[in-house]
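Colleague:
This is the structure we're talking about:
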């Protein structure tokens, strides 16, 4: 049984591609993950990145928005993507500090990161700059990012601790998603899949002159473990 069901949506073909890796089946929670990325209109590549990784029972999800658009921003974003995938399981704030160090000398970036421990039912969220992150559980909860820009001005970052119930959705978006996209997420998250939510958020609510990325993570109870569970 596959407890992790990440999906990605290619910016050009919009084809859903299953993630090839499958972590050990030990966590009492299962995460459905999907992301959608669209380049700035008129561009063929994006300076945004969705970085999704797992480490045993821990899920890392990050949205990165490099300053600018086009090929150069995409190159910086790809370098950061590859670098951060080699860093291992870092706490959310440490992840942002590592990204800052890698970006020094570049035009900089903003980012939000979500770390979920699916075995313990707890997590944390941290962000720097004009990205949006939060969660939906009856009503929306928005995480306030720290002011700054990775690679340029790094603030002191304190991650926000999280816990969740089975009816909860976490979301991270780049600045290329208009605020109306979050209003739509609030209405639609109980009835749509993460695939549909991420795709609709970028396609319907992309800013006119910006790359747009949306990541949606739904955490549900694993049936094999049974019983009600609330992390915290």
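Numbering (our numbering), first residue to last: 28 to 259. Every residue gets a Cβ at the ideal spot worked out from N, C-alpha and C, and that includes glycine.
Measuring straight from C-alpha to C-alpha, what distance separates residue 132 and residue 201?
Modeller: Cα-Cα distance, rounded: 22 angstroms.
Colleague: Looking only at its chain, what residues have a beta carbon closer than 7 angstroms to the beta carbon of residue 127, apart from the 5 residues adjacent to it on each side?
Modeller: Within the same chain, residue 127 has close Cβ partners 177, 178, 181.
Colleague: Going by Cα to Cα distance, which pick from 217, 233, 230 is closest to residue 244?
Modeller: When only C-alpha atoms are compared, the closest one is 217.
Colleague: Let me check understanding here. Comparing Cα to Cα, which of 74, 129, 155, 88 lies closest to residue 64?
Modeller: Considering only alpha carbons, the answer is 74.
Colleague: Would you kindly work out how many angstroms separate the C-alpha atoms of residue 248 and residue 120, rounded to a whole number?
Modeller: Roughly 27 angstroms separates the two Cα atoms.
Colleague: CA-CA distance, residue 155 and residue 123?
Modeller: Roughly 8 angstroms between the two C-alpha positions.
Colleague: Kindly give me the distance between the Cβ atoms of residue 246 and residue 228, rounded to whole angstroms, as I take these residues to be in contact under 8 angstroms.
Modeller: No, residue 246 and residue 228 are not in contact; Cβ-Cβ is about 18 angstroms, not under 8 angstroms.
Colleague: Taking the CB atoms as reference points, tell me whether residue 107 and residue 76 lie closer together than 8 angstroms.
Modeller: Yes, the Cβ-Cβ distance between residue 107 and residue 76 is below 8 angstroms.
Colleague: Would you please state the rounded distance, in angstroms, between the beta carbons of residue 150 and residue 189? I believe it to be under 8 angstroms.
Modeller: Between residue 189 and residue 150 the Cβ distance is about 4 angstroms, and since that is below 8 angstroms, they are a contact.
Colleague: Residue 122 lies in the alpha helix (DSSP H); which residues open and close that run?
Modeller: From DSSP, the alpha helix (DSSP H) with residue 122 extends over 119–130.
Colleague: Please state whether DSSP places residue 145 in a helix, a strand or coil.
Modeller: The answer is coil: DSSP assigns residue 145 none of H, G, I, E or B.
Colleague: Can you check whether the CB of residue 186 is closer than 8 angstroms to the CB of residue 152?
Modeller: Yes, the pair counts as a contact, with Cβ atoms nearer than the cut-off.
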